[in-house]
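Take the first sequence: its position 86, counting from 1, is numbered 194 in the working numbering, and each next residue is one higher. C-beta atoms are modelled at their ideal positions from N, C-alpha and C, and glycine is treated no differently. All values derive from a computational prediction rather than experimental measurement.
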Amino acid sequence: MLTDRRKQLLKHIVEEYVETAQPVGSRALVDKYELPLSSATIRNEMAALEDEGLVAQPHTSAGRVPTDTGYRYYVEALMPEEELTEDLRQTIRHQFHQAARELEEWARLAAAILATRLRNAAVVTTPHSPEPRVRWIELVGVHDYLALLIVVLEEARVLQQTLTLDEPFTQEELTSLARRLNNLVAGKSAAEISEQKIALSPAEVSVRQATSALLKAADELTPEPSFMDGVRDLLKQPEFTEGGRVVDLLGVLEERSLSKAIPVAAGSDMG
DNA sequence: CGTGAAGGGCGACCATTTGC
DNA sequence: GCAAATGGTCGCCCTTCACG
């Protein structure tokens, strides 16, 4: 638990660093915010915040910069929250209602809404587990010897693949087979499924192998989808234009160290 | 009410780093 | 190499609180 004074100090450090992209010194804080404390006291408090892992010091005589943990604390506990009006809530609900019921479409829409509200660039990623796990599987008969395997992951992604079967199956038999396998693979990763040593029918073995292969492919090949919007708003800021034309964005970012200073609020949790 | 311990804050001094 | 900026540490002072 941070004292109120340390919370206030962390808030000043984060806001100052986001604004200037320079380490924040104790005297600078006292002067700018007219704190009723000496710089020595501020240094002691900064040292306490450093012990908590909320700020860090690039080198011995430098000021402090917020750590990832510090940014997270700021966002969750210190950043002033803007209350959305009921009209705006209604509009956002309507926009999501209109969107296709696909996760990536929702993420794209979330990026667009965030960028519009913040008048800045916004990045949204879909949930991504470091090790995909099965939530459940389904089998849909396409033809006597052909079935569609649908694998739903715990991270809300859906994978599918057609399977050629050695013998004909009715839909009832496929549903029953999927139900039995769900007891074995639900909550499991590809490695855990492969390690299972349980007597299975040839068709069950085939489906289990296909499920495991799909999981591995999803883990290795599919990059984490991310969606960005609002870059145009970022480029409108005076720092990024020169004589009416857009200057080299990366150059400006590097020059001002903004790539390190800007805390990116990423995530698809729309509450 | 007086006294002593503990904690917090401050100023001064020194060490370190950076930029010119 | 030097000046400026910054943090760390030390000793002093003040306030608070417990105790006799």
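- With respect to the 8 Å criterion, L186 and K119 are classified as neighbours on the basis of their beta carbons.
- By a beta-carbon distance limit of 8 Å, L247 does not contact T270. Their separation comes to about 11 Å.
- DSSP assignment within the segment 261-292 yields the following whole beta strand (DSSP E) runs of 3 residues or more, N-terminal first: 266-272.
- The segment 253-269 makes no contact with the segment 194-209: fewer than 3 CB pairs, one atom from each, lie closer than 8 Å.
- In this structure, G171 and A136 form a Cβ contact; the two beta carbons are roughly 7 Å apart against a cut-off of 8 Å.
- Inside the segment 204-254, DSSP marks whole alpha helix (DSSP H) runs of 4 or more residues at positions 211-226, from first to last along the chain.
- Residue nearest to A286 within the set Q304, S309 and Y181 is S309 (criterion: CA-CA distance).
- Distance from the Cα of A311 is smallest, within the candidate group A326, N228 and T272, for T272.
- Beta-bridge partners of V132 (DSSP): R172.
- The residue among I245, Y182 and S147 with its C-alpha nearest the C-alpha of V163 is Y182.
- Going by C-alpha positions, A223 is about 5 Å away from A230.
- Classified as exposed, L196 has fewer than 16 neighbouring CB atoms from the shown chains inside 10 Å of its CB.
- Under the three-state reduction of DSSP output, L257 falls in the strand class.
- Collapsing the DSSP output to three states places M336 in a strand.
- Secondary structure of A294 (DSSP, three-state): coil.
- In this structure, the alpha-carbon of Q317 lies about 16 Å from that of R243.
- Collapsing the DSSP output to three states places A307 in coil.
- Beyond the five residues adjoining it in sequence on each side, R288 comes within less than 8 Å, by CB distance, of E312 in the same chain, given in chain order.
- Here L323 is near P240, since their CB atoms are less than 8 Å apart.
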